[in-house]
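Novice: Shown below is the structure under consideration.
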Amino acid sequence: MISSLNDEQLYALKTITSAVNESRPAFYFVSGYGGTGKTYIWNTIVTYLRGNQKIVLTVASSGVASLLLPGGRTTHSRFKIPCDLDDDTVYDIKRGTMLAELIQQTSLIIWDEVLMTHRRALETLDRTLRGLLSVTNPELLNIPFGGKVVVLGGDPGQILPVIEGGTKNQIIDAAIINSQLWSAVTILTLHKNMRLQASDEMLVPIPQGFLIKDYTEPIPAIVDSVYTDLANQYRNVDYLKSRAILCPKNDTVDEISTYIVSLLPGEIKQYLNCDKVVKAPDSHESYDILYQIELLNSLNGSNFPTYELNLKVGVPILLLRNLNQSIGLCNGTRLIVTALCDMVIQATIMSGSFAGHSVLIPRIRLTLKNQKLPFVLERRQFPVRVCYAMTINKSQGQTLAKVGIYLKTPVFTHGQLYVAIS
């Protein structure tokens with residue numbers, strides 16, 4: 147693998163592995179646009195170091211990205227990151243536990259797709275490692291990440307942390323580059339795109355042939371363009387996994403998916419959820435009756451299943467939660483429905499290293515916290531969404547050969563359009 151690296155990739159590999167082999171503290175950020183080979187470098191570094199009996203922890207900010215890493219886990223899963231972070235939070239990693247021992251023995255931590263994560267997650271990891279590792283060596287309390295070699299990776303053009311209702315300044319403040327740790331980082335930049343040939347540069351301007359111009363109804367027009375011959379291909383996994391329609395917001399995604407499901411043969415099976423208000427410890431015993439069930443059913447959120455889920459056999463679905471990463475069931479996994487039962491949905495994973503595996507998806511309890519709501523909503527529903535279309539944010543990390551971009555509403559944050567067209 148090392149012999150196939152270009153000069154930039156080889157320099158990054160030698161720089162990182164030298165720090166590991168010399169057991170010296172180091173903090174790197176590997177910056178590169180899509181196609182410059184970041185994932186290939188991670189795999190090469192991990193193979194080399196693990197072959198030399200070194201322990202490498204590989205994590206990513208999204209479930210889909212974690213599946214591309216050898217032994218990868220989401221950052222939240224690996225380090226037990228809480229949902230709510232502030233400037234004093236530390237992770238729940240107790241001394242003497244298996245995770246604490248694993249971290250102490252670890253030679254390298256690789257964190258991919260880090261730019262979509264709030265800076266507080268990185269700063270909390272730093273505080274946690276300093277506190278954990280300084281017990282045996284107090285000097286490590288003053289060294290970033292307790293002296294561990296930490297390598298971050300990401301594409302500067304992609305999406306920044308999502309701050310619900312946040313202003314431009316709040317989003318910028320949440321970015322990793324505004325962390326107090328950033329002054330200590332060494333940036334390793336990859337420029338050479340290994341996917342494109344020099345002649346491909348002429349495709350940077352959007353060709354007129356890529357635009358859908360003559361139509362009366364936009365949704366049927368883009369569906370016909372992306373899902374050509376759907377009537378004959380609607381159960382073809384290779385056909386479905388290679389295409390999607392991308393939109394900025396979930397309501398447009400649901401509108402498109404509902405339209406496509408209505409075109410398919412077969413009966414719809416409808417799954418309704420069970421909603422309730424989570425009572426606060428000091429609330430009145432009748433607190434929950436203040437809110438009508440119709441109000442609760444109408445509430446939706448990002449990465450949250452809808453009240454009403456309408457499915458048919460052969461429909462592609464997107465998993466919204468990490469259920470079991472060891473078998474590929476993580477947030478962002480795409481599957482195709484093979485059976486609709488009362489208690490479970492049977493589906494087959496469409497892509498990745500677990501492609502072809504048949505799995506069962508149960509109903510689970512999910513909570514929705516929203517600053518605009520005076521309560522926490524608990525919903526019991528299947529953690530899936532029909533995914534003929536998906537949000538641009540959700541598509542980051544997916545591999546798609548044919549994409550339609552439907553901008554019923556404009557993109558609304560840094561990196562969205564870049565992710566959609568790249």
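Position in the sequence shown counted from 1, then plus 146, gives you the working numbering.
Quick reminder that beta carbons are idealized off the backbone N, C-alpha and C, glycines included.
1. Roughly how many whole angstroms lie between the Cα atoms of Gln562 and Pro451?
2. Spatial neighbours of Pro105 within its chain, please: CB distance less than 6 Å, with the 5 preceding and 5 following residues excluded, ordered by chain position.
3. Could you check the C-alpha separation between Trp257 and Thr220 for me, to the nearest Å?
4. In or out: Met244 buried (at least 16 other Cβ within 10 Å) or exposed?
5. Unbroken beta strand (DSSP E) runs of length 3 or more, entirely within the stretch 385 to 467: which are they?
6. Go ahead and label Leu357 buried or exposed: buried means 16 or more other beta carbons lie within 10 angstroms of its beta carbon, across all protein chains shown.
7. Would you kindly work out how many angstroms separate the C-alpha atoms of Met348 and Asn339, rounded to a whole number?
8. Contact check, Ser280 vs Leu271 under 8 Å by CB: the rounded distance?
9. Which residues does DSSP pair with Val176 in a beta bridge?
10. From the DSSP output, in three-state form, read off Leu215 for me.
11. Taking Cβ to Cβ, would you say Ile305 is nearer than 8 Å to Gln542?
12. Quick one, which of Asn477, Arg196 and Thr332 has its alpha-carbon nearest Leu213's?
13. Return the bridge partner residues of Leu514 from the DSSP annotation.
14. Is it right to say Pro525 is buried, meaning 16 or more other beta carbons lie within 10 angstroms of its own, or is it exposed?
15. Along the chain, where does the alpha helix (DSSP H) containing Val372 start, and where does it finish?
16. Let me make sure I understand the geometry here. Which of Lys387, Asp153 and Leu215 has the alpha-carbon closest to that of Tyr373?
17. State the start and end residues of the unbroken alpha helix (DSSP H) segment that holds Gln316.
18. Would you identify the three-state DSSP class for Gly498, choosing helix, strand or coil?
19. Please work out which residues of its chain come closer than 7 Å, Cβ to Cβ, to His222, disregarding the five sequence neighbours upstream and downstream, and give them in chain order.
20. For the alpha helix (DSSP H) that Lys540 lies in, which residues bound it at each end?
21. Going by other Cβ atoms of all chains shown within 10 Å of its Cβ, with 16 needed for buried, is Gln471 buried or exposed?
22. How many angstroms separate the CA atom of Val557 from the CA atom of Ala566?
23. Would you mind working out which of Val176, Gly412, Val549 and Ser499 sits nearest Gly300, comparing C-alpha positions?
24. Determine the burial state of Ile473: buried for a count of at least 16 other Cβ atoms within 10 Å of its Cβ, exposed for fewer.
25. DSSP three-state call for Asn470: helix, strand or coil?
26. CA-CA distance, Lys548 and Thr185?
27. Below 8 Å, how does it come out for the stretch 232 to 242 and the stretch 251 to 265: are there three or more Cβ pairs, yes or no?
28. Taking the Cβ atom as the reference point for each residue, do Leu215 and Ala267 lie within a distance shorter than 8 Å?
29. Going by beta-carbon coordinates alone, are Lys554 and Cys393 separated by less than 8 Å?
30. Determine the direct distance from the alpha carbon of Lys200 to that of Thr282, and round the result to whole angstroms.
31. Counting beta carbon pairs with one atom in the stretch 407 to 420 and one in the stretch 450 to 466, are three or more of them shorter than 8 Å?
32. Return the chain-ordered list of same chain residues with a C-beta closer than 6 Å to the C-beta of Arg276, the five sequence neighbours on each side being excluded.
33. Cα separation between Gln343 and Gly181?
Specialist: Judging by the given coordinates:
1. 22 Å
2. Given that the chain is displayed from residue 147 to residue 568, the structure contains no residue 105 and the question cannot be resolved.
3. 9 Å
4. exposed
5. 389 to 393, 415 to 418, 420 to 424, 454 to 457 and 462 to 465
6. exposed
7. With a pLDDT of 45 at Met348, under the threshold of 50, the modelled position of this residue cannot be trusted, and the question is left open.
8. Not really, about 14 Å apart at Cβ, beyond 8 Å.
9. Gly299 and Leu334
10. coil
11. yes
12. Asn477
13. Leu523
14. Here residue 525 is Arg; the residue named in the question, Pro, does not match the sequence. Per the 10 Å Cβ criterion, buried.
15. Pro364 to Val372
16. Lys387
17. Lys314 to Ala320
18. coil
19. none
20. Ile538 to Ser541
21. buried
22. 10 Å
23. Val176
24. exposed
25. strand
26. 22 Å
27. no
28. no
29. yes
30. 21 Å
31. yes
32. Leu287 and Gly292
33. Note that Gln343 scores 49 on pLDDT, short of 50, meaning its location in the model is unreliable; the coordinates nonetheless yield the value given after this. Looking at the two C-alpha atoms, the distance is approximately 11 Å.
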